[in-house]
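Line by line, the protein sequences give chains A and B. Heads up: the first sequence at position 310 corresponds to 632 in the numbering used here, and the numbers run straight through without jumps. Heads up: the second sequence at position 152 corresponds to 474 in the numbering used here, and the numbers run straight through without jumps. This report concerns only the one structure given below.
There are 2 protein chains.
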Amino acid sequence: MNKRKKATIHDIASKLGITASTVSRALNNHPRISDATKKLVQKAAKEVNYQPNNIAAALRNGRSKLIGIVVPTANRNFFSSVVRGIEEIANQLNYKVIICQSYENFEKETQTVDALLSARVDGIIMSIGKNTDDFEHLERVVEKGIPLVLFDRITEEVAVNQVVIDDYIGAYKSVEHLIQNGFTKIAHFTNPRKINIYSERLRGYADALKENGIPFDQNLIIESNMQLEDGQQSTLKMLEEGIDFDAIFSSSDYAAMGALQILKDKGIKVPEDVGIAGFGNEPFTSFTTPSLTTVDQVSIPMGNVAAELFFELLKADPKKFVPQKTVLKPELIIRGSSTRKVTQVK
Amino acid sequence: MNKRKKATIHDIASKLGITASTVSRALNNHPRISDATKKLVQKAAKEVNYQPNNIAAALRNGRSKLIGIVVPTANRNFFSSVVRGIEEIANQLNYKVIICQSYENFEKETQTVDALLSARVDGIIMSIGKNTDDFEHLERVVEKGIPLVLFDRITEEVAVNQVVIDDYIGAYKSVEHLIQNGFTKIAHFTNPRKINIYSERLRGYADALKENGIPFDQNLIIESNMQLEDGQQSTLKMLEEGIDFDAIFSSSDYAAMGALQILKDKGIKVPEDVGIAGFGNEPFTSFTTPSLTTVDQVSIPMGNVAAELFFELLKADPKKFVPQKTVLKPELIIRGSSTRKVTQVK
DNA sequence: CTATATTGCGCAAACGATTACATCAATAAA
DNA sequence: TTTATTGATGTAATCGTTTGCGCAATATAG
Chain A
323 MNKRKKATIH DIASKLGITA STVSRALNNH PRISDATKKL VQKAAKEVNY QPNNIAAALR
383 NGRSKLIGIV VPTANRNFFS SVVRGIEEIA NQLNYKVIIC QSYENFEKET QTVDALLSAR
443 VDGIIMSIGK NTDDFEHLER VVEKGIPLVL FDRITEEVAV NQVVIDDYIG AYKSVEHLIQ
503 NGFTKIAHFT NPRKINIYSE RLRGYADALK ENGIPFDQNL IIESNMQLED GQQSTLKMLE
563 EGIDFDAIFS SSDYAAMGAL QILKDKGIKV PEDVGIAGFG NEPFTSFTTP SLTTVDQVSI
623 PMGNVAAELF FELLKADPKK FVPQKTVLKP ELIIRGSSTR KVTQVK
Chain B
323 MNKRKKATIH DIASKLGITA STVSRALNNH PRISDATKKL VQKAAKEVNY QPNNIAAALR
383 NGRSKLIGIV VPTANRNFFS SVVRGIEEIA NQLNYKVIIC QSYENFEKET QTVDALLSAR
443 VDGIIMSIGK NTDDFEHLER VVEKGIPLVL FDRITEEVAV NQVVIDDYIG AYKSVEHLIQ
503 NGFTKIAHFT NPRKINIYSE RLRGYADALK ENGIPFDQNL IIESNMQLED GQQSTLKMLE
563 EGIDFDAIFS SSDYAAMGAL QILKDKGIKV PEDVGIAGFG NEPFTSFTTP SLTTVDQVSI
623 PMGNVAAELF FELLKADPKK FVPQKTVLKP ELIIRGSSTR KVTQVK
């Protein structure tokens with residue numbers, strides 16, 4: 323048995339005294355092949371340890387059965403769950419996924435997209451990086467007629483299928499919840515970049531205030547990169563500058579965590595003195611003391627929907643493509659960091 | 323401009339009145355092609371928005387320039403960091419990685435490996451699932467002469483390159499540290515399966531006790547699946563059964579976290595009453611109160627080494643292959659959950 | 001019992017890039 | 001002047017599958 327050379331359908335064919343085309347059809351369960359030969363072929367395939375060469379098949383029929391997934395980082399519960407949601411659907415249809423990380427780096431993102439195109443994936447499902455504000459690489463994908471679906475971090479500048487959660491509602495509910503717990507001077511941690519998710523959450527925050535008769539105060543809007551350290555910095559800054567606040571609604575669980583740490587350090591009680599709500603439902607939010615109120619982004623369903631949209635796109639007539647946007651409802655997860663007995667709503 | 327059909331080297335060739343072979347050579351910077359034509363070809367390639375078809379190239383020369391990575395889950399800091407470490411090296415050499423998740427599921431793991439073989443990756447770098455105790459799928463890879471490197475969760479049953487941290491040392495240091503902080507009745511959370519990492523850590527735990535004159539007590543060895551909930555269960559069980567312990571060395575940060583939650587719930591002070599040390603340096607370990615002592619698994623260097631071993635393997639003569647095992651030194655991260663003033667070492 | 005369908009399989013041309021070998025001109029060496 | 005050398009490009013085979021078309025042999029219909 324030759325261990326170096328891999329068996330091909332030709333090997334199976336000559337072994338059985340038939341042609342490669344018959345073998346191919348037999349393996350693909352073609353109706354015009356008799357059950358008898360199918361059985362024979364399958365048996366022979368096992369014997370020679372045949373492993374189909376997808377590369378050759380992909381070259382021949384132009385479909386690689388691969389989906390490229392681009393996420394900023396796989397090391398985030400949300401993204402890896404979305405990937406899982408995509409895989410669930412894709413695997414059922416015998417598609418495999420290639421997961422690529424852009425590390426929030428524009429260069430890397432464009433390179434990755436090009437690499438996926440060269441690898442001839444059948445399409446791409448992605449969430450764009452924070453620093454991406456040029457979308458030529460996405461245009462290239464669309465122009466080539468390659469299915470593209472964006473999720474969560476999307477852009478309106480390129481006409482493709484999209485799936486997001488309703489960040490507005492998520493933020494609105496969260497802030498409303500804070501207000502119901504007696505918080506009125508609610509600061510908001512956000513990101514200055516023009517990604518949809520942050521602007522929508524800001525809008526939800528603002529509207530929740532307005533509709534509860536609380537004036538919007540620009541001083542309570544704190545911009546940063548939303549990592550743990552940024553949350554710490556922002557909180558310190560507010561304390562030092564004497565900004566008057568009694569709650570924080572953060573667009574990121576990480577920044578919320580940073581805030582919690584600083585507040586505890588300074589002896590400020592959460593939620594008695596200051597309430598906190600984050601966004602994303604990262605696992606650690608349930609580990610903290612107190613545990614963090616947050617918004618769940620229904621990640622697995624989002625992955626499912628993204629994959630479904632993708633496969634629709636794959637089947638559809640590209641002529642009459644109308645980009646559609648699916649909006650999922652997020653879920654407010656109420657935990658200790660924001661709940662207190664409302665004794666005196668001032 | 324035809325948006326559906328993708329440009330090939332033949333298109334470029336006919337556009338310039340030369341042959342495809344010249345175009346191919348020009349694009350690959352072949353020395354026998356004049357600089358003049360190289361320039362022309364590159365220009366023409368830009369114009370038609372040429373994207374090389376790696377599938378065709380891969381079929382022709384048998385190298386896909388793809389590395390398959392199989393991890394139990396990408397959603398763990400350790401694994402995603404290793405992937406990052408692999409990517410760093412791979413990208414330099416113009417290789418792309420396909421990340422696949424086995425979800426600790428044996429079925430899925432074998433399917434994934436087969437899928438990668440069919441996708442004709444040039445090799446595989448993987449960490450095996452907790453429930454994997456049959457290694458035929460790995461044998462298949464080796465038999466086909468396809469480079470395989472295992473990291474972290476490895477097996478000795480198949481002769482391949484491996485890179486691990488010294489789990490023994492990591493555990494030893496951790497337990498030693500607990501002892502130095504006055505803890506003597508140290509429980510150990512471990513996993514019953516025969517993966518290297520758990521048995522090594524158990525060995526380190528046992529030796530550290532022995533060399534400090536503390537008797538090994540089987541009642542203090544608690545087996546579970548090592549998730550957060552398992553850590554909670556195990557801790558509850560110890561409390562209910564009245565097992566006498568004053569510290570926990572957990573082979574998983576998650577289980578350590580579970581223990582911390584239960585202890586706090588029960589009003590048992592950490593680290594005053596009970597010390598805790600985990601393993602893995604998951605990000606959340608620095609967020610908890612108190613923060614968790616843990617062992618860092620030097621994940622990025624591990625990824626680097628794995629990739630380097632992989633590329634050595636790719637170049638090497640498969641005839642004279644001698645599997646090598648690289649062992650990296652882990653780092654003990656000392657935090658609040660285990661440090662107390664040693665007043666009375668009993 | 002002839003005419004038409006159906007079944008089962010082979011032939012050969014793709015898919016797009018790479019590359020050993022051949023070719024041909026121009027230049028260098030003899 | 002002749003031959004060897006080199007430089008630049010063309011020719012054609014190849015990688016392993018898939019698939020339209022063709023051709024028998026058998027089944028069904030009329």
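The beta-carbon is built from N, C-alpha and C at its ideal position, and this holds for glycine as well.
Would you say residue i reaches chain B, if we count a Cβ-Cβ gap shorter than 9 Å as a contact?
{"i": "Lys642/A", "result": "no"}
{"i": "Pro605/A", "result": "yes"}
{"i": "Ser440/A", "result": "yes"}
{"i": "Ser356/A", "result": "no"}
{"i": "Ser386/A", "result": "yes"}
{"i": "Gln555/A", "result": "no"}
{"i": "Lys466/A", "result": "yes"}
{"i": "Asn397/A", "result": "yes"}
{"i": "Ser424/A", "result": "no"}
{"i": "Asn375/A", "result": "yes"}
{"i": "His332/A", "result": "no"}
{"i": "Val419/A", "result": "yes"}
{"i": "Leu381/A", "result": "yes"}
{"i": "Ser336/A", "result": "no"}
{"i": "Ile655/A", "result": "no"}
Quick check: is the beta carbon of residue i nearer than 9 Å to any beta carbon in chain A?
{"i": "Ser660/B", "result": "no"}
{"i": "Ile519/B", "result": "no"}
{"i": "Val405/B", "result": "yes"}
{"i": "Thr322/B", "result": "With chain B running from 323 to 668 in the structure shown, residue 322/B is simply not present."}
{"i": "Asp436/B", "result": "yes"}
{"i": "Val649/B", "result": "no"}
{"i": "Arg462/B", "result": "yes"}
Can you tell which of the options has the C-alpha that lies nearest to the C-alpha of residue i?
{"i": "Ala481/A", "options": "Leu470/A, Leu524/A, Arg475/A", "result": "Leu470/A"}
{"i": "Lys641/A", "options": "Lys466/A, Ile421/A, Ile450/A", "result": "Lys466/A"}
{"i": "Glu498/A", "options": "Thr616/A, Lys418/A, Arg442/A", "result": "Thr616/A"}
{"i": "Lys647/B", "options": "Val627/B, Asp575/B, Ile570/B", "result": "Val627/B"}
{"i": "Gln414/B", "options": "Ser402/A, Leu415/A, Glu410/A, Gln433/A", "result": "Gln433/A"}
{"i": "Ser440/A", "options": "Lys516/A, Lys365/A, Ile420/A", "result": "Ile420/A"}
{"i": "Gly526/B", "options": "Ile446/B, Gly451/B, Lys495/B", "result": "Lys495/B"}
{"i": "Lys365/B", "options": "Pro514/B, Ile334/B, Leu388/B, Gly339/B", "result": "Ile334/B"}
{"i": "Phe567/A", "options": "Val392/A, Ser574/A, Val592/A", "result": "Val592/A"}
{"i": "Leu438/B", "options": "Gln373/A, Asp474/A, Asn483/A, Val392/A", "result": "Gln373/A"}
{"i": "Lys387/A", "options": "Asn371/A, Val443/A, Phe538/A, Ser574/A", "result": "Val443/A"}
{"i": "Arg662/A", "options": "Gly597/A, Ile447/A, Ile622/A", "result": "Gly597/A"}
{"i": "Phe473/B", "options": "Asp436/B, Gly451/B, Ile584/B, Val644/B", "result": "Gly451/B"}
{"i": "Phe601/A", "options": "Leu585/A, Asp595/A, Glu653/A", "result": "Glu653/A"}
{"i": "Val485/B", "options": "Asn603/B, His352/B, Ile408/B, Asn503/B", "result": "Ile408/B"}
{"i": "Val392/A", "options": "Ala629/A, Ile501/A, Val435/A, Ala358/A", "result": "Val435/A"}
{"i": "Arg385/A", "options": "Glu431/A, Asn416/A, Ser449/A, Pro612/A", "result": "Asn416/A"}
{"i": "Ile446/B", "options": "Ile389/B, Gly492/B, Leu500/B", "result": "Ile389/B"}
Bridge partners for residue i per DSSP, in chain order?
{"i": "Met448/A", "result": "Val392/A, Leu472/A"}
{"i": "Ser572/A", "result": "Phe511/A"}
{"i": "Lys418/B", "result": "Leu388/B"}
{"i": "Gln433/A", "result": "DSSP, once it has assigned bridges, lists no residue as partnering Gln433/A."}
{"i": "Val464/A", "result": "Val464/A pairs with nothing; no bridge assigned."}
{"i": "Ile487/B", "result": "Leu650/B"}
{"i": "Gln540/B", "result": "Gln540/B pairs with nothing; no bridge assigned."}
{"i": "Gln423/B", "result": "Val393/B"}
Any heavy atom of the ligand HEM closer than 8 Å to the beta-carbon of residue i?
{"i": "Leu561/A", "result": "Of the ligands one can find in the structure shown there are none, so the ligand HEM has no counterpart to examine."}
* Let me know the beta strand (DSSP E) ranges lying completely inside the stretch 607-657 of chain A, each 3 residues or longer, listed in chain order. => 616-618, 647-650, 653-655
* Asked: Okay, do the stretch 635-651 of chain B and the stretch 498-509 of chain B touch, 3+ Cβ pairs below 8 Å being the bar?
  -> no
* To do: Just list the alpha helix (DSSP H) runs in the stretch 335-389 of chain B, keeping only unbroken ones of 4 residues or longer that don't cross its boundaries, in chain order.
  => Counting whole runs of 4 or more residues, the stretch 335-389 of chain B contains the alpha helix (DSSP H) stretches 342-349, 357-369, 376-383.
* Taking 8 Å as the threshold, find out whether the stretch 537-547 of chain B comes into contact with the stretch 602-618 of chain B through three or more Cβ pairs. => no
* Asked: At a cut of 8 Å, does the stretch 372-388 of chain A reach the stretch 375-387 of chain B through at least three beta carbon pairs?
  -> yes
* Only counting runs of 3 or more residues, tell me where the beta strand (DSSP E) segments fall wholly within the stretch 544-598 of chain B, in order along the chain. => 569-572
* Below 8 Å, can you find three or more Cβ-Cβ pairs linking the stretch 385-403 of chain A to the stretch 398-416 of chain B? -> Yes: the two stretches touch, three or more of their Cβ pairs being nearer than 8 Å.
* Asked: If we count Cβ pairs, one from each stretch, closer than 8 Å, do we get three or more for the stretch 567-587 of chain B versus the stretch 549-559 of chain B?
  -> yes
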